[in-house]
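Here the sequence shown is numbered in the working numbering, starting from 1475 and rising by one per residue. So the structure is just underneath, and the comments pick up after that.
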Amino acid sequence: MNTKTKAKSKTEPKAAAKAAAKTPAKQAAKAAARPPESKSAPEKPSAKSEPAKKVAAAAPPTAKKHDFKLNDFIVYPAHGVGRIVSIEEREVAGTKLELFVVSFEKDKMTLRVPTEKAKNVGMRRLASPEIVQNALNTLKGRARIKRAMWSRRAQEYEAKINSGDLISIAEVVRDLHRITGQPEQSYSERQLYEAALDRMAREVAAVERIDEAAAIKRVETALQRAA
């Protein structure tokens, strides 16, 4: 082996050692320079999406939004039996309102009731046949007249008529009804009696699907049996 070959053989191990020493250092430097790889984590719902999900879950189905539908007969406490002729939306002060449009044909009056407040104002469905029968049975009982000034009793009768409760209305009809031999009704008594009789007859007619004249006859028959 000549001198050049020896020199070359001595140089190669040194160069290899230097390369081996430099390579890990370079790799470590490159690795340090790289941004750390982010670990994939399960996606969490954003703060905005959570309330939306909760609201969607809490919202009732459209079918159960309210208990009344188009063409239903209803009872409104201050006006008696009416019919829902339409359900409409109106914007009031920038707020959209859904309204029941209730027609009271005999009074030639139309009333708009917000669907959300219908129950709060006392609007209800027609009484069941059982309640109608109980109201007719109430008429057969004895009149219960309190010993109080007429003005006080008149207020109580009026409150019962406007309560929308069929049994309470029947009590007014019973208490103010006059039979042969009893003192005649005063003007104000007569007005309250006719108002109560009208409210009761309209609901009986709507429930039993008869005309109002036939309903009044049913009420008067029950009153005569009480006598």
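All residues carry an ideal CB built from backbone N, CA and C; glycine is no exception. Here the structure is a predicted model, which means the values were calculated and not measured.
Residue pairing for residue 1573: DSSP places it in a beta bridge opposite 1562 and 1588. For residue 1668, the closest C-alpha among the options 1681, 1652, 1570 and 1564 is that of 1652. Looking from the CA of residue 1580, the closest CA among 1692, 1677 and 1697 belongs to 1677. Going by DSSP, residue 1549 is part of the beta strand (DSSP E) stretching over 1547-1550. Within its own chain, the residues whose Cβ lies closer than 8 Å to the Cβ of residue 1666, once the five positions on either side in sequence are excluded, are 1628, 1631, 1632, 1635, 1646 and 1650, listed in chain order. Residue burial is scored here from C-beta neighbours: residue 1615 has fewer than 16 other C-beta atoms within 10 angstroms and is therefore classed as exposed. From the listed residues 1552, 1554 and 1542, the smallest Cα separation to residue 1561 is found for 1542. By a beta-carbon distance limit of 8 Å, residue 1571 contacts residue 1588. Their separation comes to about 5 Å. Every unbroken stretch of the alpha helix (DSSP H) spanning 4 or more residues and falling wholly within the segment 1607-1664 is given here in chain order: 1624-1635 and 1640-1650. Residue 1643 is positioned such that its CB atom lies no closer than 7 Å to that of residue 1597.
Ranked by Cα distance from residue 1606, the options 1698, 1673 and 1699 are led by 1673.
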